[in-house]
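Shown next, in structure tokens, is the structure this report addresses.
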Amino acid sequence: MLETKYNHLEVEKNKYEMWKQKGYFNSGDLSKKPYCIVIPPPNVTGKLHLGHAWDTTLQDILIRYKRMDGYDALWLPGMDHAGIATQAKVDKKLKEQGIQPREMEREDWLKVAWDWKEEYALNIHKQWEKLGLSLDYSKERFTLDDGLSKAVRKVFVDLYNEGLIYRGERIINWDPEAMTALSTEEVIYKEVEGAFYHIKYFIEDSDTYLEVATTRPETLFGDTAVAVNPSDSRYQQFIGKNVILPIVNKKIPVIADEHADPEFGTGVVKITPAHDPNDFEVGNRHQLERIIVMNLDGTMNENALGYQGLDRFECRKKVVEDLEKQGLLIQIEPMVHSVGHSERTDVMIEPYLSKQWFVKMRPLADRVLENQKNDTTKVHFVPERFEKVMNHWMEITYDWCISRQLWWGHRIPAWYKGDQVYVGLEAPKEEGWVQDPDVLDTWFSSALWPFSTLGFPDETEDLKRYYPNQCLVTGYDIIPFWVNRMTFQGLHFTGQRPFKDCFIHGLIRDKQGRKMSKSLGNGVDPMDVIDTYGCDALRFFLATSSAPGMDLRYDEEKVKSTWNFINKLWNASRFVLMNLEDFKIEDATYENLTLSEKWIMTKKNQLIKTVRKHMDQYEFNVVGTEIYNFVWNDFCDWYIELAKAHMNTTTKTVLRDTLETILKLLHPFMPYVTEEIYQMLPGHEESIMISAYPVEHKEEIYENDMKTLENMIAFVTKVRTYKLENQVPKDAKVYFDGDSLILDMLKIHEDQLIKKDELVNNYGSVKNDNYEIYFVFDQNQNIEKELELLQKEKEKLEANIKRRTSLLENKNYVSKAPQNLVDNERNTLEKEKQELEIVLQKYNELKK
RNA sequence: GGGCGAUUAGCUCAGUUGGUUAGAGCACCUGCCCUACAAGCAGGGGGUCGUAGGUUCGAGUCCUACAUCGCCCACCA
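Each number in the numbering used here corresponds to the 1-based position in the first sequence with 2 added.
Okay, here's the thing in structure tokens:
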């Protein structure tokens, strides 16, 4: 016997181990159609947050659904080495132990990092387990394992040989804290309160000067020209002359270049080719020298003369002070401008001239754009609008800087010997070759995830069977970093889209709508939620509380109300199981189905149909609402109540069937409680996890009977309202000659019933177009109130009749609207007229 | 500057291709411990769907403009 209250702690105990041991999570039944999702690999740096819980729940729902529905479902788990993030954390830990990480031998450092990885991988496994995720652990991968490393090298070498990877000196985004190059995607622009420093650059041998406005005076040591627009009449006479670079006191030319915008600032730009991407281009056009003025850690180098060794921001202050002293500073104009920050370390990015490896994006991106034009080859985004996000990125993307000055990652398969470069899968045999010390951007390996995890570059059975993946589930914030790159790499290396569908969800926010973050301290640990409300409640809440692609506010009250729903299900099950104690599955019979049984069976089959439809469209919020309403309103509020008055073997069969269907439909959302109850159901199979997903049975649909019962329900509700409003005593005598089912619904006992001729005075009645019921009670004190209520109802009906009449008099409406709609309106109008008759009649009676 | 999303009940959100009187949870009001469930049951109140136009027999839904909030991308010497 079930406890009276749902206890998630008891219910969720031990089931995961059982499922796992029985091998239910494993894929590979070749007799079935394949369905594959690869998990977005979490970083090995930390623990999973609510966003992960949401993301993985959605995937588990899909996988469990498809598995039950007869597919060979593979959900492939794995983790990401997360280059910068992990290295930063490992370094931090070492520093706390008083060890300078960069002074270690690379090999020794890597050992520490691998230990870290093992520890955190263990944590993540525990969390996956606690979330109830049906991952096929036999296929688990890690981005740095041998197979994936092989895939990475193969891809690098092939792209290099095709001319799509090259090494070059460019302005890249440098993170002085992590001391590595970054890609443009890893730079976050933030509004910063800075200033425009107006500086005098004197013309050589003259006492006139050009007023240069810059936000970055500390870079003036790298200035190799000053540019004005060729069309700018103010400065025509200075083009070709030299100016004296302040502090440095050397001559640099005044050049004419379109880059200088006459409308912006003073129209005079200092050109620092080694520290600004635009200036770099200007420098190329004018063959200017490139002078790097900073060290890799953001301090000034020897080119900054006396400022060498100062931090870049210190140097700025000092330079400004000195300019002021020398009378070269005209003004400091405060301004807000956006400045790039490192996504990881949050420090200001330094545009920096550096030799790095790049992926040539244009040809790869063009192929994606072409591919997206064809419905059978494209990635289908859900919701569709996110396709535009990817396509736009493909249109404007430029070359991807993939080398990182880190230790944690895939070492670049390039070797150098003097000026020679060798790129290959293995190191060259000869002596004297030195491998590039850098590693690849983490996303370079993530981009291969949908196929590298399945065995690529080898033509494995798994790759043939599970690629392209059916679906990828991730947040919209990851589209540029990951989805886009998987798409072009997948297309380039396999000739196919990496996944058929890409189901996008939003971000988790706190109750005030703020993004959850460590700095705000508003993060919620999913494991705490699970402890308090259970995994099932959390999962159902996450999956059903927002529309696809929308953000989700975490609201503990909603999780609580989900718990209540599960408790409701629990108690409904308790009722069913109590009544099934003497029931064996062999007894199941559908003989003499009552109206209510036909009704619930019809409702159930309609539910199956809509649930399947919305599951297939990833509309889990709709699925949730549908099941919730069916369970609570149809099954619990009506069918179970009706079953109480009429419990026979047929009823028990229907109760069992209906509960079984509910459990199965809910299983993908709440795996634990559904398994718990399922195991107690007569005729249950080995596990609900591997039982068949419900199928609609058209022969169980009884349209007319359903309508009849719904009519009764409407009548019963009307009667209940009447009784409450008119304070009809519970034991009032009743005259009714309609269906006894209605008396059951109203919980009216036989001994309350009287004959029609026993109705004398002081009785009230409720009537609709099908039924009328009479209550004998002293209603004198209520006459005023009743009259008032009748008056209200009368007004309401009259308004409706008026509206509907004029609608039906509208010839345009009658001729253009669909026929069934018009018929419906006519029928309703008729009904309303009858209702009004009844109301008027009663009103007049009472008035006497 | 370009793009996207949001604006619906006190709060948090649904609302599929336009189609009866716009829904849910929580909160609120009334009455109930009825042997599945008081974390429950039976009823009920509450919204001119951001604003202004337009298309249509019919608009929360489609079109145009605007407002407010949020996000993405680009630029910012």
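Where is the CB? At the ideal position from N, CA and C, for every residue including glycine.
{"Check": "Based on the DSSP secondary-structure assignment, which residues constitute the bridge partners of Gly411?", "Outcome": "DSSP, once it has assigned bridges, lists no residue as partnering Gly411."}
{"Check": "Using the rule of at least 16 other Cβ atoms within 10 Å of the residue's Cβ for burial, across every protein chain shown, is Lys769 buried or exposed?", "Outcome": "buried"}
{"Check": "For Cys537 versus Gly53, is the C-beta distance shorter than 8 Å?", "Outcome": "no"}
{"Check": "Starting from Arg169, follow the alpha helix (DSSP H) in both directions and report where the run begins and ends.", "Outcome": "Note, Arg169: premise wrong, no alpha helix (DSSP H); beta strand (DSSP E) at Ile167 to Asp177."}
{"Check": "What are the boundary residues of the beta strand (DSSP E) that includes Asp503?", "Outcome": "Phe501 to His507"}
{"Check": "Any contact between the region 165-177 and the region 353-361? By contact I mean 3 or more CB pairs, one from each, below 8 Å.", "Outcome": "yes"}
{"Check": "Quick check on the DSSP output: the alpha helix (DSSP H) that includes Ala716 runs from which residue to which?", "Outcome": "Glu705 to Glu727"}
{"Check": "So, using beta-carbon positions, are Arg511 and Arg555 closer together than 8 Å?", "Outcome": "yes"}
{"Check": "What do you reckon, are the CB atoms on Phe453 and Thr399 nearer than 8 Å?", "Outcome": "no"}
{"Check": "Just the Cα atoms here: how many angstroms apart are Asp138 and Gly420?", "Outcome": "48 Å"}
{"Check": "Given Leu247, which residues of its chain have a CB within under 6 Å of its CB, disregarding the five upstream and five downstream residues?", "Outcome": "Asp225 and Ile254"}
{"Check": "Would you report the Cα separation of Pro459 and Leu371, rounded to the nearest angstrom?", "Outcome": "25 Å"}
{"Check": "Quick check for students: name the residue ranges of the alpha helix (DSSP H) that lie wholly in the region 552-615, counting only runs of 4 or more.", "Outcome": "558-581"}
{"Check": "Could you spell out where the beta strand (DSSP E) holding Pro255 opens and where it closes?", "Outcome": "Lys252 to Ala258"}
{"Check": "Skipping 5 residues on each side, what residues in its chain have a beta carbon closer than 7 Å to that of Phe243?", "Outcome": "For the record, residue 243 in the displayed sequence is Lys; it is not Phe. Same-chain partners within the cutoff: Ile205, Glu206 and Val256."}
{"Check": "Quick check on His699: buried or exposed, where buried means 16 or more other Cβ atoms within 10 Å of its Cβ?", "Outcome": "exposed"}
{"Check": "Please classify Gln843: is it buried, with 16 or more other beta-carbons within 10 angstroms of its beta-carbon, or exposed?", "Outcome": "exposed"}
{"Check": "DSSP state of Ala819, grouped into three classes?", "Outcome": "coil"}
{"Check": "Should Lys35 and Tyr67 be called a contact, given that it needs their Cβ atoms to be closer than 8 Å?", "Outcome": "no"}
{"Check": "Taking the CB atoms as reference points, tell me whether Lys362 and Asp401 lie closer together than 8 Å.", "Outcome": "yes"}
{"Check": "Based on DSSP bridge pairs, tell me the residues matched to His343.", "Outcome": "Ile190 and Met350"}
{"Check": "Judging by CA-CA distance, which residue of Glu705, Asp553, Val561 and Pro528 is the nearest neighbour of Ser598?", "Outcome": "Glu705"}
{"Check": "To the nearest whole angstrom, what separates the beta carbons of Ala229 and Val284, a pair I think is in contact under 8 Å?", "Outcome": "6 Å"}
{"Check": "Between which two residues does the alpha helix (DSSP H) holding Asp530 run?", "Outcome": "Pro528 to Tyr535"}
{"Check": "If you drop the 5 nearest sequence neighbours on each side, which residues of the same chain put their C-beta closer than 6 Å to that of Ile190?", "Outcome": "His343 and Glu345"}
{"Check": "Between Thr546 and the rest of its own chain, which residues show a CB-CB distance below 6 Å, the 5 nearest in sequence each way excluded?", "Outcome": "Phe622, Asn623 and Gly626"}
{"Check": "In terms of alpha-carbon separation, which member of Asp299, Trp445 and Gln498 lies closest to Asn376?", "Outcome": "Gln498"}
{"Check": "If you drop the 5 nearest sequence neighbours on each side, which residues of the same chain put their C-beta closer than 6 Å to that of Arg576?", "Outcome": "Leu4"}
{"Check": "Taking only the alpha-carbon atoms, compute the straight-line gap between Asp530 and Lys562 and give it to the nearest angstrom.", "Outcome": "13 Å"}
{"Check": "For Gly434, count neighbouring Cβ atoms within 10 angstroms of its own Cβ and tell me buried if that reaches 16, exposed if not.", "Outcome": "exposed"}
{"Check": "Hey, Lys517 and Leu509: beta-carbon distance below 8 Å or not?", "Outcome": "yes"}
{"Check": "Among Phe632, Trp601 and Pro500, which one has its Cα closest to the Cα of Thr612?", "Outcome": "Phe632"}
{"Check": "Could you tell me the alpha carbon to alpha carbon distance between Gln422 and His412, rounded to whole angstroms?", "Outcome": "22 Å"}
{"Check": "How about Cys403 and Phe360: do their beta carbons lie closer than 8 Å?", "Outcome": "yes"}
{"Check": "Less than 8 Å between the C-beta atoms of Glu220 and His200, yes or no?", "Outcome": "no"}
{"Check": "Using only the alpha-carbon positions, how far apart do Val321 and Thr268 sit?", "Outcome": "20 Å"}
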